[in-house]
Every structure is written in C-alpha cells, then in structure tokens.
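Trainee:
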Amino acid sequence: FTDSMLSIAVVVCVLLNLCFLIGERRTEVMVLEAADDKSSPPFDDLFGAKAKLWQLSKEDAERAKISINAMLRLIEEGGHADSPITAKISYDDLDLAIKLSYKGTLPYVASEQKLPSGMVEEQIFAVGLSGFLSSVFPDRLNSHQENGSCEISLYFQT
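Numbering of the sequence shown is given in our numbering, commencing with residue 4 and proceeding in unit increments.
Quick look at the structure:
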C-alpha cells in the first residue's frame with residue numbers, strides 16, 4: 004500500500020478534502036409567520052437572499068420556494084398553527100434541508116402517507132393526484148407531532 008507515492012498521494016488528498024469540507028453546512032433560522040403580526044417579511048424574500056448568498060441554483064431555489072409556500076398555505080388554510088412558524092434552513096453542496104416548527108397540528112400531505120393495503124387502483128391514483136395537487140414536491144418529507152409541537156422536514160437534493 005505505501006510502496007507507491009501515487010497511492011499515498013490519493014489517500015492524503017481524500018483525507019484533506021474531507022477535513023476541509025467539515026463545517027461547510029450553512030444554517031439560517033428565521034420566523035416565517037407570527038401569530039398576530041403580518042409585518043414579518045415573506046419567506047420568498049428571506050429565502051431568496053440566502054439562496055443568492057449560498058449560491059444555490061435558481062431551479063433548486065425555485066422548487067424549494069414553491070414547496071415551502073404550498074406547505075405554509077396548507078398550514079394557514081387549515082388553521083394548523085397556534086404559534087409562529089419557525090424555519091431552520093441548512094444547505095451544503097449536496098442537499099437543502101428545511102425544517103418547519105410550530106405549535107399546533109400537522110396538515111395532511113398525501114406524499115408522506117402510507118397507503119392501506121386494500122385500496123383499489125383508482126383510490127391509489129386519487130391519493131397520488133391529491134398529493135400532486137398540493138404542490139409539495141420535496142425529495143423527502145418527514146413530519147411528526149409530539150405534545151402539540153409539530154416539525155415538518157423537507158429535503159431537496161441539489
């Protein structure tokens with residue numbers, strides 16, 4: 004293994020690359036909606052500024068904006084939030100993760116629901132279509148509720 008300088012150089016390069024990539028994840032926490040305050044800036048403005056600063060591609064930023072705005076609309080229209088909605092946005096060169104946290108209940112997003120085994124083909128199509136029409140298109144979506152605190156995590160591969 005150590006007989007060749009080329010193999011040693013490759014190992015050293017990989018290790019140095021890993022060392023310099025540690026800490027590259029950029030994170031921002033922002034309050035999206037206050038319960039009684041409509042003066043907070045909209046998500047598009049806050050996220051757009053961070054996307055430019057982080058050099059996120061326009062296509063990825065637009066897809067994330069559309070999905071988060073659709074999720075915020077579902078939360079607002081269903082009256083699910085009893086407190087301000089806080090977003091923790093983190094980005095590295097591989098993925099964009101957005102975690103929404105608030106007190107209240109979870110909205111129904113069909114893309115994360117498990118389908119019952121006895122459904123007929125038309126019912127499965129209807130459930131899939133309802134998820135498509137909700138306009139929430141992350142690569143992965145996780146949500147959970149515990150003691151009235153809700154967390155919805157959306158992951159986008161970049």
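Note that the Cβ used here is the ideal one computed from N, Cα and C, for glycine as well.
#1: Identify every residue that forms a DSSP beta bridge with Ile-155.
#2: Rounded to a whole number of angstroms, what is the C-alpha to C-alpha distance between Tyr-111 and Leu-18?
#3: Leaving out five residues before and five after Pro-141 in sequence, what residues of the same chain have Cβ atoms less than 7 Å from its Cβ?
#4: Bridge partners for Val-34 per DSSP, in chain order?
#5: Per DSSP, Trp-52 forms a beta bridge with which residues?
#6: Based on DSSP bridge pairs, tell me the residues matched to Ala-84.
#7: I think Val-89 touches Cys-153, with their Cβ atoms under 8 Å apart; what is that distance to the nearest whole Å?
#8: Let me check understanding here. Comparing Cα to Cα, which of Met-8, Glu-31, Ser-10, Cys-22 lies closest to Lys-102?
#9: What three-state label does DSSP hand Asp-2 in the structure shown?
#10: Using alpha carbons as the reference points, say which of Cys-16, Leu-35, Leu-21 lies closest to Ile-92.
#11: Let me confirm a value: Ala-52 is counted as buried when at least 16 other C-beta atoms fall within 10 Å, else exposed. Which label applies?
#12: Can you have a look at Ala-12 and say buried or exposed, based on whether 16 or more other CB atoms are within 10 angstroms of its CB?
#13: Can you have a look at Gly-15 and say buried or exposed, based on whether 16 or more other CB atoms are within 10 angstroms of its CB?
#14: Rounded to the nearest angstrom, how far is the Cβ of Leu-49 from that of Leu-99, given a contact under 8 Å?
#15: If you draw a straight line from the alpha carbon of Asp-95 to that of Arg-29, how long is it in whole angstroms?
#16: So, with DSSP's three-state summary, where would you put Arg-76?
Mentor: Taking the coordinates as given:
#1: For the purposes of this step, residue 155 is taken as residue 152 along the sequence shown, with counting starting at 1. DSSP, once it has assigned bridges, lists Leu-103, Ser-146 as partnering Ile-155.
#2: The residue given as residue 111 occupies position 108 in the sequence shown. The residue given as residue 18 occupies position 15 in the sequence shown. Going from the Cα of Tyr-111 to the Cα of Leu-18 covers about 44 Å.
#3: One-based indexing of the sequence shown puts residue 141 at position 138. Result list for Pro-141: Ser-70, Leu-157, Tyr-158, Phe-159, in chain order.
#4: Looking up residue 34 in the sequence shown gives position 31. Paired residues: Thr-89.
#5: Here the question's residue 52 lines up with position 49 in the sequence shown. This sequence places Ala at residue 52; Trp is not what is there. Looking at the DSSP assignment, Ala-52 forms no beta bridge with any residue, so it has no partner.
#6: If you number the sequence shown from 1, residue 84 lands on position 81. DSSP output for Ala-84 lists Gly-107 as bridge partner(s).
#7: Taking the sequence shown and counting its residues from 1, the one referred to as residue 89 is at position 86. Taking the sequence shown and counting its residues from 1, the one referred to as residue 153 is at position 150. Note that residue 89 is Thr in the sequence shown, not Val. Incorrect: roughly 11 Å between the Cβ atoms, too far for contact.
#8: Against the sequence shown, residue 102 aligns to sequence position 99. Ranking the options by Cα distance to Lys-102, first place goes to Glu-31.
#9: Beyond the ends of the chain as shown, which are 4 and 161, falls residue 2; an answer cannot be given.
#10: Mapped onto the sequence shown, residue 92 falls at position 89. Ranking Cys-16, Leu-35, Leu-21 by Cα distance to Ile-92 puts Leu-35 first.
#11: Along the sequence shown, one-based indexing puts residue 52 at 49. Per the 10 Å Cβ criterion, exposed.
#12: Position 9 of the sequence shown, counted from the start, is the residue given in the question as residue 12. With fewer than 16 Cβ atoms within 10 Å of its Cβ, Ala-12 is classed as exposed.
#13: Residue numbering aside, residue 15 sits at position 12 when the sequence shown is read from its first letter. What sits at residue 15 in the sequence shown is Val, not Gly. The residue in question, Val-15, is exposed, as its Cβ has fewer than 16 Cβ neighbours within 10 Å.
#14: By 1-based counting over the sequence shown, the position of residue 49 is 46. By 1-based counting over the sequence shown, the position of residue 99 is 96. Not really, about 14 Å apart at Cβ, beyond 8 Å.
#15: If you number the sequence shown from 1, residue 95 lands on position 92. If you number the sequence shown from 1, residue 29 lands on position 26. Rounded to whole angstroms, Asp-95 to Arg-29 spans 6 Å at the Cα level.
#16: Within the sequence shown, numbered from 1, the residue matching residue 76 stands at position 73. Helix, per DSSP.
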